[in-house]
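Protein chains in written order, with the numbering used here: chain A, 1 to 213; chain B, 214 to 494. Report on the following structure.
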Amino acid sequence: MEAIWLYQFRLIVIGDSTVGKSCLIRRFTEGRFAQISDPTVGVDFFSRLVEIEPGKRIKLQIWDTAGQERFRSITRAYYRNSVGGLLLFDITNRRSFQNVHEWLEETKVHVQPYQIVFVLVGHKCDLDTQRQVTRHEAEKLAAAYGMKYIETSARDAINVEKAFTDLTRDIYELVKRGEISIQEGWEGVKSGFVPNVVHSSEEVVKSDRRCLC
Amino acid sequence: FDPRIGSRVDPYGFERPDDFDYASYEAFFSRYLVVLTRRAIKWSKLLKGKNSIQKSLKDMNRTFPDNIKFRRTADPCLQHTLYNVLVAYGHHNKAVGYCQGMNFIAGYLILITKNEEESFWLLDALIGRILPDYYSPAMMGLKTDQEVLGELVKLKVPAVAELMERHGVMWTLVVSRWFICLFIDILPVETVLRIWDCLFYEGSKIIFRVALTLIKQHQAFILEATNFPDICDKFKQITKGTFVTECHTFMQKIFTEPGTLSMTTIDKLRETCREKLLSQG
Chain A
1 MEAIWLYQFR
11 LIVIGDSTVG
21 KSCLIRRFTE
31 GRFAQISDPT
41 VGVDFFSRLV
51 EIEPGKRIKL
61 QIWDTAGQER
71 FRSITRAYYR
81 NSVGGLLLFD
91 ITNRRSFQNV
101 HEWLEETKVH
111 VQPYQIVFVL
121 VGHKCDLDTQ
131 RQVTRHEAEK
141 LAAAYGMKYI
151 ETSARDAINV
161 EKAFTDLTRD
171 IYELVKRGEI
181 SIQEGWEGVK
191 SGFVPNVVHS
201 SEEVVKSDRR
211 CLC
Chain B
214 FDPRIGSRVD
224 PYGFERPDDF
234 DYASYEAFFS
244 RYLVVLTRRA
254 IKWSKLLKGK
264 NSIQKSLKDM
274 NRTFPDNIKF
284 RRTADPCLQH
294 TLYNVLVAYG
304 HHNKAVGYCQ
314 GMNFIAGYLI
324 LITKNEEESF
334 WLLDALIGRI
344 LPDYYSPAMM
354 GLKTDQEVLG
364 ELVKLKVPAV
374 AELMERHGVM
384 WTLVVSRWFI
394 CLFIDILPVE
404 TVLRIWDCLF
414 YEGSKIIFRV
424 ALTLIKQHQA
434 FILEATNFPD
444 ICDKFKQITK
454 GTFVTECHTF
464 MQKIFTEPGT
474 LSMTTIDKLR
484 ETCREKLLSQ
494 G
């Protein structure tokens, strides 16, 4: 039997090649870390349940994407049906940080008329001695785009849970407030099997989804 | 006078018959030598050149991390060979350059031929001639062929096509790796190599035969899926097990299980799917 969950959120993980997208997802969904992992070719799919409050579970469908530029012609088809996103850069690779803007532009164009709630993730924070991007400038950039910023390490399991659960919580709040709503023909948020203990006040009111910008 | 031409024994060790036509053979070989030399020169030039391809080659130590010959500590380390083949290919085919996935294909060619230059020419045969434009920046050939597979499934395994449609599963999600990596890391090594034999011989149609066989053979199993993640999981499962390990019977199956599959049908489908994709932008 399927575990009971309130909602299902679709999240997408994007960022330059080799920033560690697959490793972060694997750490979160499988609890393990591979020192070296194959490049992701195309798109891959993972899922996990998270408990945001006692008894309140959200099912996450997580889309892993290829980082190489030419794969965008394939991966961009997945933006539209995502409610949330983790935009990764590698703190030891300045170039991947500089490309954050380009990634946001890319998604903005292809997500219309919807909007993705992004969190900016500075990955590989265990490699602090090789750091090329300061926490301060990353926070500044994130703030400029209205995103939260978090630093993670899949190798040392730092903030991995937090990155996903915080984003999930933020989306949950937006859903609760009706700023994001379930829509026919949109896969970003789906309602699940609601257990009896949950009050009806917390159910989503069907309304036109407003733009968050 | 080249000893290969005048000798009583040929370079492969076979004794030449008494009536061997040395004059014709010499005439042939002098022409063929031009081809071989041209290729050798081309290859050495490609190795020397430098361009932006090198920068994008971050995948050397990410290719087959579970293969001892590709480890950084291996001697000889095939990462260097792989690097040479891919850099050379980037120079040679500038329109394609380097695309992730090519590292796996070149890697297999190197493991099998154990030869840098031969791997290069085989890679060129695959990418430049046998496969449609899977690896060029727009990946139009890849997107087209994934749609073509969808159409073929509609024709040949309609229940599965209907299931995919109902749950909104895009074909790219479940099969892009099949196409881009030509079944590397999807199917067992021996099976992949047998498929490649046919691929070199019969062309890209073989990829559809393999994909359709996998889907049709496991139709009942796939249809057990009741939701999106289930479907994704089923497509991962159907590439495992004895059915695909028994490469010899598997190869016989791919020519019977999907039924007729003419090149005319595929060409037509490729054309319509391509037009559809272009109109969608």
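All C-beta atoms in this analysis are idealised placements derived from N, C-alpha and C, irrespective of residue type, glycine included.
One thing to note: residue 33 of chain A has its Cβ within 8 Å of the Cβ of residue 155 of chain A.
A Cβ-Cβ contact shorter than 8 Å links residue 167 of chain A with residue 119 of chain A. If you ignore the 5 residues before and after residue 5 of chain A, its C-beta comes within less than 8 Å of the C-beta of 49, 57, 58, 59, 192, 193, all in its own chain and listed in chain order.
Annotated three-state conformation of residue 14 of chain A is strand, per DSSP. Between the C-alpha atoms of residue 462 of chain B and residue 231 of chain B there is a straight-line separation of about 45 Å. Check the Cα spacing between residue 76 of chain A and each of B/346, B/334, B/432, B/383: the tightest is with B/383. Fewer than three beta-carbon pairs drawn from the segment 174-187 of chain A and the segment 137-146 of chain A are found closer than 8 Å, and the two stretches are therefore not classed as touching. Taking a C-beta distance under 8 Å as the contact criterion, residue 301 of chain B and residue 334 of chain B do not qualify as a contact pair. In the three-state reduction of the DSSP assignment, residue 9 of chain A falls in the strand class, which pools E and B.
Within the same chain, no Cβ atom closer than 8 Å to the Cβ of residue 136 of chain A is found once the five residues on either side in sequence are excluded.
Exclusion of the five residues before and after residue 125 of chain A leaves 91, 151, 152, 153, 158 as the residues of its chain whose Cβ lies within less than 7 Å of its Cβ.
Taking the C-beta atoms as reference points, residue 313 of chain B is found nearer than 8 Å to residue 68 of chain A.
Within chain B, no residue has its beta carbon less than 9 Å from that of residue 30 of chain A; the closest one is some 14 Å off. Residue 9 of chain A is outside the set of residues whose beta carbon lies under 8 Å from a beta carbon in chain B. Closest by C-alpha distance to residue 442 of chain B, out of A/39, A/180, A/47, A/74, is A/47. Per DSSP, residue 27 of chain A is one residue of the alpha helix (DSSP H) stretching across 21-30. Around residue 41 of chain A, the beta-carbon contacts reaching into chain B at under 7 Å are 313, 314, 389, 390, 393, 394. The beta carbon of residue 400 of chain B sits closer than 7 Å to the beta carbons of 452, 457 from its chain, once the five residues preceding and following it are set aside; these are given in chain order. For residue 479 of chain B, DSSP assigns no beta-bridge partner whatsoever. In this structure residue 392 of chain B touches residue 359 of chain B by the C-beta definition: roughly 7 Å separates them, less than 8 Å. Distances from the alpha-carbon of residue 14 of chain A to those of A/170, A/78, A/161, A/160 put A/78 closest. Unbroken alpha helix (DSSP H) stretches of 4 residues or longer found wholly inside the segment 324-386 of chain B: 329-337, 353-369, 371-379, given in chain order. Short of 8 Å from the beta carbon of residue 490 of chain B, and not among the five residues preceding or following it, lie these beta carbons of its own chain, in chain order: 353, 356, 357, 360.
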